[in-house]
Amino acid sequence: MKKLEGLEWSGDEEKSKDDDLAEWPRPVPWRNIDAEGLDCDYALLFTQEEADSLFGRLETEVVYLTGHEARVQVFGKVHDIPRKQAVYGEPGLNYTYSGVTHCARQWTPTLEYIRDAVTKVTGQVFNFVLVNRYKDGQDHMGEHRDDERELDPLCPIASVSLGASRDFVFRHRDARGRGARRMEPVKLQLVSGSLLLMNPPTNTYWYHSLPRRRAVLQPRINLTLRRILSSEGKVGLMTRPPAPPPAKQALCSFETEDE
């Protein structure tokens, strides 16, 4: 496991890697967000000081996509992505997103540190991360579902936020288009240092987005950690099996609200 200066796990240095992954130096109180077909868990994983340090490290480490890789195809038309993106993961992993296939770069020290921190508190192991950088509130993410066939359907998607706080909106698939059901969206504010787990079957039934917020002037980096399957439907290039998730603490519910 990577240890970063000023951001090391507490505990005995003689412990094995598996023992080290089983511990986190402080309690993580979880909140549960629950609606029809939606199951998410939210927690503050990093302190503000830790989040600021991680943000600064990522600003120097992450190499973002350029050229044709920084574009997406929507309804047959090619558009520039309204934010910066990068893909990292285990060697040989590919990920197809909006008609473009990306080859994962090797983990940076800070991305590996964050990945292992998420594994510590969730018991889940991830082999891929999509990095999104929003320069300010004008950069955004449209409504979509993470339903790519490479994703392990049994593994949650873990979203880590660093930098500016941003609104995050879930909308049920039946509340879109003609004949839509009247269903309230679920809105969250993702603050710096937070971790959001989107558990199955959330991505089957709910779209999510990060809307424009003109009042937001500061940048934000978001990491969505995923587990990618090989073409045979097996977990791709995993170095260790996922551990059972730890018991969650202080569960409570978010309320839905009108958009």
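If you read the sequence shown in UniProt numbering, its first letter stands for residue 1, the second for the next number, and so on.
Note that CB positions come from ideal geometry on N, CA and C, so glycine has one too.
Being a predicted model, the structure only gives us computed values, none of them experimental.
DSSP links Arg212 through a beta bridge to no other residue.
When DSSP states are grouped into helix, strand and coil, Thr204 belongs to the helix group. Between Val129 and Arg149, the alpha-carbon positions lie close to 16 Å from each other.
Counting along the chain, Arg220 sits inside the beta strand (DSSP E) bounded by residues 220–226. Burial is judged here by how many other beta carbons sit within 10 angstroms of a residue's own beta carbon; Leu217 has fewer than 16 and is exposed.
Counting C-beta pairs with one atom in each stretch, the segment 131–145 and the segment 82–93 have three or more that are closer than 8 Å, which means they touch. If you look at Arg115, you'll find it in the alpha helix (DSSP H) that goes 109–122. Here the segment 40–57 makes contact with the segment 184–204; the two share three or more CB pairs at distances below 8 Å. Taking C-beta atoms under 8 Å as the contact rule, His144 and Val169 fail to qualify, at a distance of about 12 Å.
Nearest neighbour of Ser53 by Cα position, chosen from Trp206, Leu7, Glu36, Leu38, turns out to be Leu7.
Here the alpha carbon of Gln106 sits roughly 6 Å from the alpha carbon of Glu90. Cβ neighbours of Arg213 within its own chain (closer than 7 Å, five residues either side excluded): Gly137, Arg166, Asp167. Phe46 sits in coil when the DSSP states are folded into three classes, being neither helix nor strand.
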